[in-house]
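To convert, count from 1 in the sequence shown and add 8; that's our numbering.
Even glycine gets a Cβ: it sits at the ideal position worked out from N, Cα and C.
Below is one structure, written out as structure tokens; comments come after it.
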Amino acid sequence: MAKHHIKEEQIAYAKWLDWGMKIGLLLLIITFIIYITGILSPQIPISDLPKYWKLKAHEYLSSAGIQAGWAWVSMVTKGDFLNFVPVAFLGAVTILCYIRILPIFFKKRDIAYFIFALAECLILILAASGLLHVGGH
């Protein structure tokens, strides 16, 4: 039976991805518990949620007085917005994993993969920044 060689960057990426997923899941559980127990009051009371369910996204944002994009960051003290933190963290895990393997590619003088990984980081960061406006949003 042939042995498979697993590259250093694959192991590093996988370890960070595994830890990122576990941390993100734990944070999701914690923030959900904070939300349902009412430790932090929500922006929108749970009893009012059904009236928002039928609305389109832009109607919901308008009627709830919420700004689109990264405006949620200013509302993390509200129980219903605190759970955005672990969601954003989980979205950033891929970027962190790529950043983790950049030094490995550089050390190996694997310039092509270094450039691809760096470009991937920059593209993901740019996409997450909200600076790009495409589609109907």
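With residue i as the anchor, note down where its alpha helix (DSSP H) starts and where it stops.
| i | result |
| --- | --- |
| Ile19 | Glu16 to Thr45 |
| Leu57 | Leu57 to Trp61 |
With DSSP as the reference, label residue i as helix, strand or coil.
| i | result |
| --- | --- |
| Lys86 | coil |
| Leu69 | helix |
| Gly138 | coil |
| Gln75 | coil |
| Ile52 | coil |
Which residues in the same chain have their Cβ closer than 6 Å to the Cβ of residue i, if we skip the five residues on either side of it in sequence?
| i | result |
| --- | --- |
| His145 | A caution first: His145 carries a pLDDT of 49, below 50, which makes its placement in the model too unreliable to give a value. |
| Phe97 | Gly32 |
| Gly28 | Val101 |
Give every residue of the same chain whose Cβ lies closer than 7 Å to the Cβ of residue i, excluding the five residues on either side of it in the sequence, and list them in chain order.
| i | result |
| --- | --- |
| Ala125 | Tyr106, Ile109, Leu110 and Phe113 |
| Asp88 | Tyr43, Pro50, Gln51 and Ile52 |
| Val93 | Leu35, Thr39 and Val84 |
| Ala135 | none |
To which residues of the same chain is residue i closer than 8 Å at the C-beta, ignoring the five residues directly before and after it?
| i | result |
| --- | --- |
| Trp24 | Val101, Leu104, Cys105 and Arg108 |
| Gly46 | Gly87 |
| Gly138 | Gly77 and Trp78 |
| Leu90 | Thr39, Ile42, Tyr43, Leu48 and Val84 |
What are the complete beta strand (DSSP E) segments, minimum 3 residues, inside the segment 89–127?
-> none
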